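Notes for the one structure printed next.
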Amino acid sequence: MFEISILFFLFAILVFLGALEYWIHKRVREKIPIRIHVNGTRGKSSVTRLIAAGLREGGWKVFAKTTGTLPRLILPDGSEIDIRRFGTPNILEQKDAIKEAASHSADAIVLECMALIPFNQRISEEKLIRATHGVITNIREDHLEIMGPTQEDVALAISGSIPKNKIIFTTEKESLPILQRIAKKRNSELVSVREEGYDREKYMQNFAYYEHFENVILALEVCENLGVSSETAIRGMWTASQDLGATFSCSFSLGRAQIRFVNGFAANDPLSAKQVWDWANSLAMDTSLRIALVNCRKDRPERSEQMAREILSWKEFPADFLLCMGEGTEVFAKIAQKFGFPSDQLVLVDAVNYKDIFQKLEEMVHSDALVVGLGNIGGLGIQMIQAVREKEGLVRV
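Here it is in structure tokens:
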């Protein structure tokens, strides 16, 4: 009996401490008048950065936190702090960012959703962030093992971050009816952002890297809603630091060869990969060799299979070589061979680091080539991006 009483007492203390911590968090959170929660399949980090940059240009004191390639806290002056993690990512990280922003009397905070599990996505919104403005970039077939098995399931999972009685912005088209239904249930206004109201050339001409037009107009719409004009906001967006995973194109010499490299490692769903591949080929129409550099992950065999099927369906600009690196490349190779891709054009590299990849490319390419990184950005993907950026004689194109 005594032991039960002790356990009950300890449990009561834990409940009290948890309730007290949540009460403190709510008080801290409410000190930040504008809280923007960015969710979606692709482009979350970019849109988070773009919104923060646009508001900064409008004179706002804004903090932002990205959880993309490398987690970062972006300060009101645009500088960035690495977020050091001990163990696996945890959605409670958002509390720390909110606390930091509140301690500096921020006008706004822009937070990239870091949850994948549907329940956690909803908890992130309803318990941690309580956004005044929600943002959903798009809905794609990714992380199906967690949010799937269908794109409709992904839409339902991501809609868990739609705030109640507020406003939500999205450029999603295919799954828009689902988002509209959930927004209506939560008594929130949903703004469907369309390209028609924006001049692509006007807004895209001064980016130093490849940015998706949909990301830009989505961020502009949010800034406009908060009183910062598109003309002002876009100036900040043009000068904002890009995420490490952002798509870019460059060229450099490798032995006797001239390589045009396009980073699309973060484009790890079929539609995004196709968009990057087509854009890369539009820059190198006269190239003599097209190489898809695919970074595989052992723990994501379904993504390797999905990517293999997608790449092998490209008819307008087919890949001449598939160069596979990372772990679990045999899954990708199996699908490629099943669809009849020539085995002598399928290269699996047992790479320890980026130098092994450069060496293999030097063996394969004798004049010029287009090399497009796809699949996953982790591990060798990040190594390749950093190594390419440090190449001597690098030219941004």
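Oh and the sequence shown: position 296 is 296 in UniProt numbering, straight run, nothing missing.
Ideal Cβ placement from N, Cα and C applies to all residues, glycine included.
Quick caveat: nothing in here was measured; it's all calculated off a predicted structure.
One or two residues paired with residue i in a DSSP bridge
{"i": "residue 373", "result": "263, 293"}
{"i": "residue 81", "result": "73"}
{"i": "residue 134", "result": "37, 168"}
{"i": "residue 326", "result": "296"}
{"i": "residue 63", "result": "109"}
{"i": "residue 321", "result": "291"}
{"i": "residue 368", "result": "258"}
Run of the beta strand (DSSP E) containing residue i, from where it starts to where it stops
{"i": "residue 39", "result": "34-39"}
{"i": "residue 347", "result": "346-348"}
{"i": "residue 315", "result": "Residue 315 -> no beta strand (DSSP E), and no H or E assigned at all."}
Spatially closest choice to residue i from the options, by CA coordinates
{"i": "residue 301", "options": "328, 276, 289, 310", "result": "328"}
{"i": "residue 188", "options": "73, 166, 357, 282", "result": "166"}
{"i": "residue 308", "options": "57, 249, 374, 350", "result": "374"}
{"i": "residue 124", "options": "92, 355, 101", "result": "92"}
{"i": "residue 197", "options": "220, 313, 180, 379", "result": "220"}
{"i": "residue 279", "options": "41, 111, 210", "result": "210"}
{"i": "residue 24", "options": "40, 102, 230, 131", "result": "102"}
{"i": "residue 212", "options": "42, 10, 26", "result": "42"}
{"i": "residue 182", "options": "194, 195, 168", "result": "168"}
{"i": "residue 127", "options": "84, 154, 136, 162", "result": "162"}
{"i": "residue 312", "options": "289, 341, 293", "result": "341"}
{"i": "residue 277", "options": "315, 136, 339, 235", "result": "315"}
Contacting residues, own chain, Cβ-Cβ under 7 Å from residue i (five flanking each side not counted)
{"i": "residue 452", "result": "One cannot answer for residue 452 here, as it falls past the ends of the chain, which runs 1 to 397."}
{"i": "residue 107", "result": "33, 34, 60, 61, 62"}
{"i": "residue 413", "result": "Beyond the ends of the chain as shown, which are 1 and 397, falls residue 413; an answer cannot be given."}
{"i": "residue 305", "result": "331, 335"}
{"i": "residue 98", "result": "28, 29, 32, 109"}
Where the alpha helix (DSSP H) containing residue i begins and where it ends
{"i": "residue 47", "result": "44-57"}
{"i": "residue 127", "result": "From DSSP, residue 127 is part of no alpha helix (DSSP H); its letter is neither H nor E."}
{"i": "residue 382", "result": "380-389"}
{"i": "residue 141", "result": "Residue 141 -> no alpha helix (DSSP H), and no H or E assigned at all."}
{"i": "residue 274", "result": "270-283"}
{"i": "residue 156", "result": "151-158"}
{"i": "residue 95", "result": "93-103"}
Neighbourhood of residue i by C-beta, 8 Å cutoff - its chain only, sequence neighbours within 5 removed
{"i": "residue 151", "result": "139, 140, 141, 174, 175"}
{"i": "residue 347", "result": "321, 322, 323, 324, 360, 364"}
{"i": "residue 257", "result": "361, 362, 365, 366, 367, 368, 369"}
Close beta carbons around residue i, own chain, < 6 Å, minus the five adjacent residues each side
{"i": "residue 81", "result": "73"}
{"i": "residue 110", "result": "36, 48, 51, 52, 64"}
{"i": "residue 290", "result": "319, 320, 370"}
Starting from the N-terminal side, write out each stretch of the alpha helix (DSSP H) that is 4 residues or longer and does not extend beyond the stretch 180-242. 200-204, 213-225, 230-239
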